[in-house]
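If you want the numbering used here, it's the 1-based position in the sequence shown plus 83. C-beta: ideal position from N, C-alpha, C; glycine also. Everything on this sheet refers to the single structure shown next.
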Amino acid sequence: MSRDEHHVVPNADGGWDVRRNGAERATLHTDTKQEAVDRGRQVSQNQGTEFIVHNKDGRIARADSHGNDPCPPRDRN
């Protein structure tokens, strides 16, 4: 079973898209990467998904967990 994810990816026509894994269409399209990251993070937090930001070359730049993290950090107390 794949986890629910939202990805910030470059759009072939220019700009940046926020896409949910498995979706045919983008959730939203923006002109700048920063706007896609800001708005995509809000969507991901609201829907409790993993949030993955890609570079222009498609490689993953960073990822954040806004859902049920299967590997939470251990308590250090």
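Three-state secondary structure assigned by DSSP to residue i
i: Asp121; result: helix
Nearest residue (CA-CA) to residue i, options the options
i: Thr110; options: Asn129, Gly98, His89, Asp121; result: His89
i: Asp114; options: Val91, Gly131, Gln130; result: Val91
i: Lys116; options: Asp140, Gly98, Asp87; result: Gly98
i: Gly141; options: Asp100, Ala106, Asp87; result: Asp100
Residue i, enclosing beta strand (DSSP E) - first and last residue
i: Thr113; result: 111-113
i: Glu133; result: 133-137
i: Glu88; result: 88-93
Residues that DSSP places opposite residue i in a beta bridge
i: Ser127; result: BP columns for Ser127 are empty, so no partner.
i: Ala146; result: Ile135
i: Arg103; result: His89
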